[in-house]
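Heads up: the structure comes next, in structure tokens.
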Amino acid sequence: MDEHDSWYTLLMPEFWARLESSAAEHLARDEAFLIFGATHFTLVHVAGAALAFLFIIIAALCYRASLQDSSRGVVPPRRFGLAAMVDGFVGAVYRLSADVMGEDDARRFLPLTGTLALFVFVCNIQGLIPGLLAPTYTLKTNLVFALIVFLVYNVVGVVRNGFGYFAHFLGPKIGGFPWLFPLLLPVELVHHLSRPVSLSLRLTGNMVADHKVVGVAALMAPLLVPLPFLLLGTVVAIVQTLVFTLLTIIFISLAAEHGEER
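Last residue of the sequence shown? That's 290 in this note's numbering, and every number before it is there in order.
Written out as structure tokens, the structure reads:
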């Protein structure tokens with residue numbers, strides 16, 4: 029299987045070729061910009077994101093059905109199925125959030141943090157399935173995630189603290205030294221703008237490296253050698269989901285608390 033092949037190109041080659049060709053006419057980027065040179069245009073990451081979305085919808089419906097099971101009560105199900113996996117995963121995100129921002133905010137932002145963590149994890153884990161490519165392998169996918177986080181935590185800061193939230197862009201309280209404001213403002217702006225860049229590049233770099241290592245190992249010895257690398261890839265998928273989710277929680281918590289610190 030070629031580097032650009034997938035189950036989509038193998039199972040429906042003609043349809044997939046027409047779809048990518050049509051999309052490339054409007055979306056493909058031919059010119060180079062800084063480090064972003066011309067690349068192979070593909071919609072595999074879009075199909076992977078749609079597949080992750082479909083899986084999460086099915087998992088959520090299974091979890092909802094398990095909650096409506098009156099015979100279960102508060103006792104967890106004996107079988108470790110999809111509903112139990114979702115319950116354990118989202119519960120872990122809630123406990124992590126509660127440790128950082130408190131139980132009230134953890135419960136309030138769980139629809140965002142839990143969904144984002146679940147979506148990033150399902151996208152990451154697709155890279156370990158032969159014939160699929162993790163949507164988080166591409167920078168554009170991760171940049172969307174990071175921009176959502178950037179928008180949300182700034183909105184939370186304004187809602188919690190009013191427009192006085194933007195005062196923290198002038199740096200910490202500095203008493204009688206207002207002449208430092210023009211110096212601190214660009215520093216704080218760069219600091220905040222670097223957050224979505226850091227979130228997206230970190231996730232992309234780790235997923236690309238993991239995909240390349242597993243791919244090279246599979247080409248060298250396709251039977252047994254890739255197994256340790258697949259286990260390592262699973263750890264990478266979990267750790268990167270944890271890092272992305274934890275940073276999201278920290279950014280929201282910091283934005284909500286700025287009014288109390290100033």
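The C-beta atom is built at its ideal place from N, Cα and C for all residues, glycine as well.
Look at the alpha carbon of residue i and the alpha carbon of residue j, and state the distance between them as a whole number of angstroms.
i	j	result
A77	A162	8 angstroms
C151	A284	29 angstroms
F279	F137	12 angstroms
V128	A51	43 angstroms
G130	A237	35 angstroms
L89	A75	21 angstroms
M248	L258	14 angstroms
V121	P158	28 angstroms
G119	S226	27 angstroms
E143	I85	Before going further, note that residue 143 is Thr rather than Glu in the sequence given. Approximately 10 angstroms, taken between the alpha carbons.
P214	F194	13 angstroms
F178	I266	22 angstroms
Once DSSP output is grouped into helix, strand and coil, what is the label at residue i?
i	result
A162	coil
G130	coil
I202	Residue placement at I202 is flagged as unreliable, the pLDDT there being 47, under the threshold of 50; the coordinate-derived value follows with that caveat. Correct three-state label for I202: coil.
T70	coil
Q154	helix
G109	coil
M40	coil
So, at 6 angstroms on beta carbons, what are the nonlocal neighbours of residue i in its own chain, with the 5 sequence-adjacent residues on each side left out?
i	result
T166	H73
L95	none
F209	L198
V271	none
Q154	G76, L160, A162
Using the beta-carbon count (16 or more within 10 Å), is residue i buried or exposed?
i	result
H219	exposed
S228	buried
S34	buried
S222	exposed
V148	buried
V184	buried
P224	buried
Using a Cβ-Cβ cut-off of 7 angstroms (strictly less than) and excluding sequence neighbours within five positions of residue i, which residues of its own chain qualify?
i	result
V264	N234, D238
F117	L146
Kindly give me the distance between the Cβ atoms of residue i and residue j, rounded to whole angstroms, as I take these residues to be in contact under 8 angstroms.
i	j	result
V180	L231	Contact doesn't hold; Cβ gap of about 17 angstroms is too wide.
L156	V244	In fact, because the Cβ distance is near 14 angstroms, the residues do not count as touching under 8 angstroms.
L110	A87	5 angstroms
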